[in-house]
Structures are given as C-alpha cells and as structure tokens.
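Visitor: So for the sequence shown, our numbering puts the first residue at 66; every next one is plus one. Where a beta carbon is used, it is the ideal one built from N, C-alpha and C, also for glycine. These numbers come from a predicted model, not from an experiment. Sharing a structure below in structure tokens format, with a few things to ask.
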Amino acid sequence: KKMQEKMKETQEALKKIEVEGISGGGTVRIIMSGDGDLKKITFDDALLKESKEILEDLVVAAAADAKSKLKKKTSEEISKITGGISLPPGFKLPF
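Structure (structure tokens):
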C-alpha cells in the first residue's frame, strides 16, 4: 500500500517538472512539462528570415533536446523519491 502511494506521489511530482530544449545555439527554445506536453516554443527574431526547412529542423532538434533532458530529469527525480528503488515492471511514466 505504501509503495502504491509512493508511486502515485512520484507520478504527480514528475508532472510538475519542466525542462527546456534548445537548438540553433539558443535560437529555438521549447519548454516541455514532465508529462511530455509542449508548453512553449520561442524563436529568435533572426530565425524568421531563414527558410521554412531550417526552422522546422531546429524545432525538431529542440524538441529532441527537451525530451532527452526530460528523460534524464525524470530518472533523477525517481531515484530521489524512491531512494534508488527500481520501478516495478509495468510502471508507466506520465509521458
């Protein structure tokens, strides 16, 4: 029972995490929540003069960066909350 409560607490804590994905030397920034939702995308004004393809590639790269950072941050948070205990098989993260 305590473990179930701990897992629920962990999932709730993970939803509150936010990470920033960056590409193009900071010209594209994406904020992603702990459950994988995109919260915000910002572009440097200089990018608006670039081609559509470059902008699309930079958005994809920033999203990949955010997802990678989210994975790392999630692992760190789970370790902190569970005291290093491995998650049970089938435990679903919120994203």
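#1: How many Å lie between LEU79 and SER144 at the Cα?
#2: In the DSSP assignment, the beta strand (DSSP E) including LEU103 goes from what residue to what residue?
#3: CA-CA distance, THR75 and LYS137?
#4: Starting from GLU74, trace the alpha helix (DSSP H) in both directions and tell me its first and last residue.
#5: Since ILE95 sits in a beta bridge, which residues does DSSP pair it with?
#6: With distances taken Cα to Cα, identify the nearest neighbour of ALA103 among GLN69, LYS81 and LYS67.
#7: Candidates THR92, GLY148 and ALA131: which alpha carbon is nearest ASP100's?
#8: Assuming GLU77 and MET97 form a contact by the criterion Cβ under 8 Å, report the distance between their Cβ atoms to the nearest whole angstrom.
Guide: Reading from the atomic positions:
#1: 12 Å
#2: 103 to 108
#3: Those two C-alpha atoms are separated by around 15 Å.
#4: Run containing GLU74: 67 to 80, per the alpha helix (DSSP H) assignment.
#5: ILE95 pairs with GLY86 and ILE106.
#6: It is worth fixing the name first, because residue 103 is Leu in this sequence and not Ala. It is LYS81.
#7: ALA131
#8: Actually they do not touch by this definition, with Cβ atoms about 17 Å apart.
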